[in-house]
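*Asks:*
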Amino acid sequence: MSSNSTKYTFRSKQKPANQNKEALAVNVDAKNNHINSNVSEEALQRRKLRFQAQPQTKDYGFVSRGETRLKESESERRKYFDTIVSSFFKLCDEATRIEVRERIDVDSIHSSDGDMTMDGVLTSLRKLREAILGTKPSSFSKKVLLFSVRVAVPLGHYQTYVPSITQLLAPGVDLRPDERQELVVLLSLHWSHFSNENSRALSLLIRGCPEDTRTRPLLQSWIGNDYHRWLNLYKVEEDNSRARIMKFGLPKVLQHMVNAVNVSYFNLSLSFLQDYLPQDISLQDLEVYGARWSVEGDNVVIRARKVAKAA
Numbered sequence: 141m142s143s144n145s146t147k148y149t150f151r152s153k154q155k156p157a158n159q160n161k162e163a164l165a166v167n168v169d170a171k172n173n174h175i176n177s178n179v180s181e182e183a184l185q186r187r188k189l190r191f192q193a194q195p196q197t198k199d200y201g202f203v204s205r206g207e208t209r210l211k212e213s214e215s216e217r218r219k220y221f222d223t224i225v226s227s228f229f230k231l232c233d234e235a236t237r238i239e240v241r242e243r244i245d246v247d248s249i250h251s252s253d254g255d256m257t258m259d260g261v262l263t264s265l266r267k268l269r270e271a272i273l274g275t276k277p278s279s280f281s282k283k284v285l286l287f288s289v290r291v292a293v294p295l296g297h298y299q300t301y302v303p304s305i306t307q308l309l310a311p312g313v314d315l316r317p318d319e320r321q322e323l324v325v326l327l328s329l330h331w332s333h334f335s336n337e338n339s340r341a342l343s344l345l346i347r348g349c350p351e352d353t354r355t356r357p358l359l360q361s362w363i364g365n366d367y368h369r370w371l372n373l374y375k376v377e378e379d380n381s382r383a384r385i386m387k388f389g390l391p392k393v394l395q396h397m398v399n400a401v402n403v404s405y406f407n408l409s410l411s412f413l414q415d416y417l418p419q420d421i422s423l424q425d426l427e428v429y430g431a432r433w434s435v436e437g438d439n440v441v442i443r444a445r446k447v448a449k450a451a
């Protein structure tokens, strides 16, 4: 008979007082034995789990700081990369996931262990990049580095994409012509728009992509301070990676534009200026570059005309 039925029976029958005490004692002992049994089972289960082999942590360190696990084990590198890709896919939208899958062979990755922030993804990619730095170039190392570039460039994280591109363009890496062109263009844009190393950027583009007819006009407008042409090219740029690196140079272009407009015009049409500027830049944003302009209807007063004094 269960403890519930025993308890129910005890409450439903009338017994002498001494019998009631004996029944109560038996019932309490049964309850205590049941509790002690549960506690023992829980303790045994905890003990069993404690002595089970624990999986090795995936919180790897940097090779540059003495960590060796990733450097010594290719299987660990592959598992870690699966986790990184899984984490990234959880953080990005569907369009980005599709784009990454189209440009990098990651369809074979089915890991669901990834649970990193975007900063964690970038940090983990650095750890993995350090681990493959001294290894022979392979299809896997190429995949890791290309993934690093295509994740980091849209985020503007040059600390990741510059060394990754440099490793990919090193001798011995088997790149397709379109992959090499992509990397050469991105690095030349970075050298010009971020580092202001214009000669180096143009030389790389001419040597690496002599047939390129799209990027060279952009570099020429940048080097020649042709803000009008550069802004038009920037506004129609559809490649997110190219546009993100170009954005590093946007403040310089806007500064040059404001300086030129300040000395060249008294008035300009508001609608003209709004169409001329990138969508995410307003007239108010130009104040930090020295644009002390005032809006009067559809007219923007650049500078007031001096009134000649009466004789």
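Residues 141 to 451 in my numbering are what the sequence shown lists, from first letter to last. Built from N, CA and C at the ideal position, the CB exists for glycine as well. Computed from a predicted model, the values in this text were never measured in an experiment.
Does the distance from the CB of P277 to the CB of S381 come in under 8 Å?
*Replies:* no
*Asks:* According to DSSP, is E234 part of a helix, a strand, or is it coil?
*Replies:* helix
*Asks:* Report the CB separation of V261 from F229 in whole angstroms; it is logged as a contact under 8 Å.
*Replies:* That belief does not hold up - the Cβ atoms of V261 and F229 are roughly 10 Å apart, past 8 Å.
*Asks:* If you draw a straight line from the C-alpha of L329 to the C-alpha of N338, how long is it?
*Replies:* About 9 Å.
*Asks:* Which word fits E322, buried or exposed, when buried means at least 16 other C-beta atoms lie within 10 angstroms of its C-beta?
*Replies:* buried
*Asks:* Between E351 and L326, what straight-line distance do the alpha-carbon atoms span, to the nearest angstrom?
*Replies:* 16 Å
*Asks:* Pair every Cβ in the region 331-347 with every Cβ in the region 371-378, then say whether three or more of these pairs are closer than 8 Å.
*Replies:* no
*Asks:* In chain order, what residues of the same chain have a beta carbon less than 6 Å from the beta carbon of W331, not counting five sequence neighbours either side?
*Replies:* E337, R340, A341
*Asks:* Taking just the CA atoms, how far does L231 sit from R445?
*Replies:* 54 Å
*Asks:* Which residues in the same chain have their Cβ closer than 6 Å to the Cβ of V398, if we skip the five residues on either side of it in sequence?
*Replies:* For V398, the CB contacts under 6 Å within the same chain, skipping 5 residues up- and downstream, are L426, Y429, G430, A431 in chain order.
*Asks:* When burial is assigned at 16 or more other CB atoms within 10 Å of the CB, is I442 buried or exposed?
*Replies:* That one is buried.
*Asks:* Would you check if the region 311-319 and the region 393-407 touch, i.e. whether three or more CB-CB distances between them fall below 8 Å?
*Replies:* no
*Asks:* I need the straight-line Cα distance from S226 to Y220, nearest angstrom please.
*Replies:* S226 and Y220 have their C-alpha atoms spaced approximately 10 Å apart.
*Asks:* Which term fits T306, buried or exposed, when burial requires 16 or more other beta carbons within 10 angstroms of its beta carbon?
*Replies:* Counting Cβ neighbours within 10 Å, T306 comes out exposed, since fewer than 16 surround it.
*Asks:* Distance, Cα to Cα, P391 vs L417?
*Replies:* 12 Å
*Asks:* Look at the alpha carbon of H368 and the alpha carbon of S343, and state the distance between them as a whole number of angstroms.
*Replies:* Between H368 and S343, the C-alpha separation is close to 24 Å.
*Asks:* Give the secondary structure of V447 by DSSP, where H, G and I count as helix, E and B as strand, and everything else as coil.
*Replies:* coil
*Asks:* Could you give the DSSP three-state label for L342: helix, strand or coil?
*Replies:* helix
*Asks:* How big is the Cα-Cα spacing for E377 and V447?
*Replies:* 44 Å
*Asks:* In three-state terms, what does DSSP make of R432?
*Replies:* coil
*Asks:* For V435, count neighbouring Cβ atoms within 10 angstroms of its own Cβ and tell me buried if that reaches 16, exposed if not.
*Replies:* Its Cβ having fewer than 16 others within 10 Å, V435 is exposed.
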